[in-house]
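Just below is one structure, and these are the notes that go with it.
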Amino acid sequence: MSKIEVTLTEPSSVLFDIEKRAHAYPWSEIVFFQPLSAGTLWWSISVDKRIVGFANTQLVADELTLHNIAIDPRYQGRGFGKFLLNDILNYADKHNALMFLEVRESNASAIHVYQQAGFSIVGRRPNYYASDSGREDALVMRREIS
6 MSKIEVTLTE PSSVLFDIEK RAHAYPWSEI VFFQPLSAGT LWWSISVDKR IVGFANTQLV
66 ADELTLHNIA IDPRYQGRGF GKFLLNDILN YADKHNALMF LEVRESNASA IHVYQQAGFS
126 IVGRRPNYYA SDSGREDALV MRREIS
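For the working numbering, count along the sequence shown from 1 and bump the result up by 5.
The following block contains the structure:
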């Protein structure tokens, strides 16, 4: 049986490699490695000590924002993203924090996962993301304190 572990970490070349493989339009290296703001946490998920994904969050007052989450494409579809998200949700609950995130409106599978986790769509950011056709809207999602 595989050992799955979620830990707090720092941005690294391993995480940045996952970022580049997992996203069609990844964060730039400059953005990825910029100094952390107060309340920023980096999370990694490992399977048998191999890092397969990460997330980046920021807690400000009573709001936790999920800025980025990525699972290595070789490990996608196996529930590791949900596992990582669940740890982040537990962290938010421990801190009595609302959660916010933005997701591409074309990313139906991620939207479905977030809705299953208790997020609802509360807004839209027009032309927020780069896309093959130019720009794409972001959906703003919120999860209430549970």
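The beta-carbon is built from N, C-alpha and C at its ideal position, and this holds for glycine as well. Just so you know, these numbers come straight off a predicted model, no measurement behind them.
Cα-Cα separation, residue i to residue j
i: Glu-68; j: Gly-123; result: 15 Å
i: Arg-129; j: Ile-150; result: 21 Å
i: Ser-7; j: Trp-32; result: 30 Å
i: Ala-135; j: Glu-10; result: 32 Å
i: Ala-27; j: Val-57; result: 10 Å
i: Ser-18; j: Arg-148; result: 31 Å
i: Ser-49; j: Lys-25; result: 15 Å
i: His-100; j: Arg-83; result: 28 Å
i: Glu-141; j: Ala-43; result: 29 Å
i: Phe-105; j: Ala-115; result: 14 Å
Best match in the options for proximity to residue i [C-alpha to C-alpha]
i: Asn-112; options: Ala-97, Leu-144, Gly-128; result: Leu-144
i: Ala-66; options: Arg-147, Ala-102, Asp-98, Ile-76; result: Ala-102
i: Asn-132; options: Ile-116, Met-146, Glu-110, Val-118; result: Glu-110
i: Leu-94; options: Phe-37, Ile-35, Tyr-30, Asn-61; result: Asn-61
i: Phe-59; options: Pro-40, Asp-92, Ala-43; result: Asp-92
i: Met-146; options: Val-127, Glu-15, Arg-83; result: Val-127
i: Asp-98; options: Val-108, Leu-64, Arg-79; result: Leu-64
i: Phe-37; options: Asp-22, Ala-29, Ser-51, Ala-43; result: Asp-22
i: Leu-46; options: Pro-16, Tyr-30, Lys-54, Ile-35; result: Pro-16
i: Asp-53; options: Ala-43, Tyr-80, Ser-138; result: Tyr-80
i: Ser-125; options: Ser-138, Phe-85, Val-108; result: Val-108
i: Ser-138; options: Leu-20, Tyr-30, Leu-13; result: Tyr-30
Residue i - partner residues in DSSP beta bridges
i: Gly-5; result: Residue numbering for the chain in the displayed model covers 6 to 151; residue 5 lies beyond these limits and cannot be assessed.
i: Ile-9; result: Val-52
i: Ala-143; result: Arg-109, Arg-130
i: Leu-103; result: Glu-68
i: Arg-148; result: Met-104
i: Ala-135; result: Arg-140
Neighbour flag for residue i against chain C, beta carbons, 8 Å
i: Gly-58; result: No chain C appears in this structure, which consists of one protein chain only.
Whole beta strand (DSSP E) elements within the region 47-78, 3-residue minimum: 55-65, 68-76
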